[in-house]
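K.L.:
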Ligand SMILES: Cc1cc2nc3c(=O)[nH]c(=O)nc-3n(C[C@H](O)[C@H](O)[C@H](O)COP(=O)(O)OP(=O)(O)OC[C@H]3O[C@@H](n4cnc5c(N)ncnc54)[C@H](O)[C@@H]3O)c2cc1C
């Protein structure tokens, strides 16, 4: 695969790159192998390499302590390889919150199971009436008089994989007397218990990944509260920045762009191929230029992460551009499939990529909504990156 950003790697980095390539080749999934057994073995071996199973975790929690360039190499190499699936909720979203704001007991209790991929987490943020305006959330948590537990009542919506999750990290309202952001509390509790009801929501592409979740008198021990009561907004915001950085998928888009070109080359047009057609070629070129710019932004973000900073508001630039790019790739894949793309769901006709193209395209409509809609990212960028104040303020 061609790397768009051309950075000179030092001899040490080249050696690291070879080591990563060798690891990925030696431990690639073999056709017919038990997938789950391979997946668990892969993480075990990655762990034995010195924290390669948790590349983004800090050294004190077992992470590898890579330089930004090493992270960049890892992202590139793993984007092109077939590595085991992994969910972001525990690993990339809750873990940093526990590391920064959880107490030692909570870190010892939850982080090992997250690392071992033993417990699936889901994210209970959005509610009917609280999406972009998340601080408007109404799910109530009431502390018992004896201070031992909270009782939670309310409804969450769009909760991804709630139906397979063991635990939820959940934003709840503990005070509604002041400004909205100040009465929110961050709670952790099991999903498989009385009072938790999960209802599926089937999305445009016909799949079940999101849910509506109702809580009725769910008891949550007070030791499952992260940080202080009413301070959950601060912790929740930090998590969103990690979520946004993770959603950009720049390295994966680089791989997908090359695949798109290959697909377009396989479609005959006159004496040439679809990729030779000026209008299609121009769209691919524009995409490639935007991808290059986003890759540089990602490198900046990696550099600040390696220097120990949390991802800042620039994670909104990555989320905005990265997800738009993913959507444009999906759209061009449908365009390349032409009429055959509309046969999605029916018997296979035309090139193989045309069928998968449409379901990918439909699913991609959500990319610019979840993790904070594009319009909201633009607000964050205007305020916190460009320093533009609202008129009148
Ligand atoms: C597939 C999928 C998976 C999801 N998974 C999860 C999950 O696991 N956990 C979870 O908690 N949430 C999840 N979400 C919810 C997601 O975070 C919200 O959908 C998102 O924040 C938008 O909120 P909303 O749906 O309430 O839309 P709204 O906030 O009502 O927005 C509607 C429209 O108004 C626009 N708008 C809103 N405010 C502004 C503004 N200030 N300026 C300009 N335009 C504005 C929006 O951009 C959007 O176009 C998921 C959503 C989807 C689609």
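Numbering (our numbering), first residue to last: 713 to 1105.
Each residue gets a CB set at the ideal place from its N, CA and C atoms; glycine is no exception.
1. What is the residue span of the alpha helix (DSSP H) that residue 1027 lies within?
2. Using CA atoms only, rank isn't needed, just tell me which of 893, 786, 935 is closest to residue 815.
3. Kindly list the residues whose CB is nearer than 7 Å to the CB of residue 773, restricted to its own chain and excluding five residues on each side of it in sequence; keep chain order.
4. Do the stretch 916–924 and the stretch 1072–1086 meet, that is, are 3 or more Cβ pairs less than 8 Å apart?
5. Is it the case that the stretch 1003–1011 contacts the stretch 1052–1060, given that we only count it when at least three CB pairs across the two stretches are under 8 Å?
6. Among all the DSSP beta bridges, which residues are the ones paired with residue 900?
7. Name the two residues that bound the continuous alpha helix (DSSP H) containing residue 852.
8. Helix, strand or coil for residue 943, going by three-state DSSP, please let me know.
9. Considering only heavy atoms of ligand 3, does any lie closer than 7 Å to the CB of residue 766?
10. So residue 986 packs on residue 1048, CB below 8 Å; how close in whole Å?
11. Using DSSP with H/G/I as helix, E/B as strand and the rest coil, what is residue 833?
12. Is residue 866 near residue 906, with beta carbons less than 8 Å apart?
13. Confirm the yes/no value for this check: CB of residue 694, any heavy atom of ligand 1, distance under 7 Å.
14. Is residue 909 helix, strand or coil by DSSP?
15. Could you pull the DSSP bridge partners for residue 933 from this structure?
16. Could you spell out where the alpha helix (DSSP H) holding residue 1081 opens and where it closes?
17. Please determine whether the Cβ atom of residue 991 lies at a distance below 7 Å from any heavy atom of ligand 1.
18. Mark residue 715 as exposed unless 16 or more other C-beta atoms lie within 10 angstroms of its C-beta, in which case mark it buried.
19. Hey, out of 723, 938, 950, 831, whose CA is closest to residue 781's CA?
20. Should residue 1078 be counted as a contact of ligand 1 given a C-beta to heavy atom distance under 7 Å?
21. Could you tell me the distance, in whole angstroms, from the CA atom of residue 768 to the CA atom of residue 890?
22. Nearer than 7 Å: is that true of the beta carbon of residue 1088 relative to any heavy atom of ligand 1?
23. Mind checking whether the beta-carbon of residue 1186 lies closer than 7 Å to any heavy atom of ligand 1?
24. Is the stretch 1091–1104 close to the stretch 994–1003, with three or more CB pairs under 8 Å?
25. Between the alpha carbons of residue 759 and residue 753, how many angstroms are there, rounded?
26. Does DSSP classify residue 848 as helix, strand or coil?
27. If you drop the 5 nearest sequence neighbours on each side, which residues of the same chain put their C-beta closer than 8 Å to that of residue 988?
28. With distances taken from CA atoms, which of 1102, 1083, 1089, 794 is nearest residue 836?
29. Can the beta-carbon of residue 1031 be found less than 8 Å from the beta-carbon of residue 959?
30. Can you give me the Cβ contacts of residue 991 inside the same chain, cut-off strictly under 6 Å, excluding the 5 residues immediately before and after it?
31. Enumerate in chain order the residues of its own chain whose CB-to-CB distance from residue 1038 is below 7 Å, with the five nearest sequence positions on each side excluded.
32. Quick check: is any heavy atom of ligand 1 less than 7 Å from the C-beta of residue 947?
33. List the residues that DSSP assigns as beta-bridge partners of residue 890.
34. Sorry if obvious, but does the Cβ on residue 910 come closer than 7 Å to a heavy atom of ligand 1?
35. Would you say residue 1081 touches ligand 1, meaning its beta carbon is less than 7 Å from a heavy atom?
36. Confirm, please, whether the CB-CB distance from residue 806 to residue 833 is below 8 Å.
P.N.:
The structure says:
1. For residue 1027, the uninterrupted alpha helix (DSSP H) run begins and ends at 1026–1049, by DSSP.
2. It is 935.
3. Excluding sequence neighbours, residue 773 sits near 811, 823.
4. With contact defined as three or more Cβ pairs closer than 8 Å, the stretch 916–924 and the stretch 1072–1086 are in contact.
5. Contact fails: fewer than three Cβ-Cβ distances are below 8 Å.
6. Looking at the DSSP assignment, residue 900 forms a beta bridge with 881.
7. Secondary structure note for residue 852: it is in no alpha helix (DSSP H), and the uninterrupted beta strand (DSSP E) holding it is 852–855.
8. Correct three-state label for residue 943: strand.
9. Looking at this structure, you won't find ligand 3 anywhere; what it does contain is ligand 1.
10. With 8 Å as the limit, residue 986 and residue 1048 qualify as a contact, their Cβ atoms being about 6 Å apart.
11. In the three-state reduction of the DSSP assignment, residue 833 falls in the strand class, which pools E and B.
12. No, these two residues do not count as a Cβ contact at 8 Å.
13. Missing from the structure shown is residue 694; the chain here goes from 713 to 1105 and no further.
14. Residue 909: strand per DSSP, three-state reduction.
15. Beta-bridge pairing by DSSP links residue 933 to 861.
16. According to the DSSP assignment, residue 1081 belongs to no alpha helix (DSSP H), since it is labelled neither H nor E.
17. With a threshold of 7 Å, the Cβ atom of residue 991 does not count as near ligand 1, since no heavy atom of the ligand is closer than that.
18. The predicted position of residue 715 is uncertain, since its pLDDT is 48 and thus under 50; a value taken from the coordinates is nonetheless stated next. Around the beta-carbon of residue 715, fewer than 16 other beta-carbon atoms lie within 10 Å, marking it exposed.
19. Among 723, 938, 950, 831, the Cα nearest to that of residue 781 is on 723.
20. In this structure, the C-beta of residue 1078 approaches ligand 1 to less than 7 Å from one of its heavy atoms.
21. Between the alpha carbons of residue 768 and residue 890 lies a distance of about 36 Å.
22. At least one heavy atom of ligand 1 is nearer than 7 Å to the Cβ of residue 1088, so yes.
23. Outside the displayed range of the chain (713 to 1105) lies residue 1186, so it cannot be described from this structure.
24. In short, these stretches do not touch, since the Cβ pair count stays below three.
25. Going from the Cα of residue 759 to the Cα of residue 753 covers about 10 Å.
26. In the structure shown, residue 848 falls within a helical segment according to DSSP collapsed to helix, strand and coil.
27. In its chain, beyond the 5 residues on either side, 981 have a beta carbon closer than 8 Å to the beta carbon of residue 988.
28. Across the set 1102, 1083, 1089, 794, the C-alpha of 1083 shows the shortest separation from the C-alpha of residue 836.
29. Yes, Cβ-Cβ distance for residue 1031 and residue 959 is below 8 Å.
30. Result list for residue 991: empty, nothing under 6 Å.
31. Around residue 1038: 961, 965, 1076, 1079.
32. At a cut-off of 7 Å, the beta-carbon of residue 947 does not count as near ligand 1: no heavy atom of the ligand is closer than that.
33. Its beta-bridge partners do not exist; DSSP assigns none.
34. Checking the Cβ of residue 910 against ligand 1 gives no.
35. At least one heavy atom of ligand 1 is nearer than 7 Å to the Cβ of residue 1081, so yes.
36. Yes. Within cutoff.
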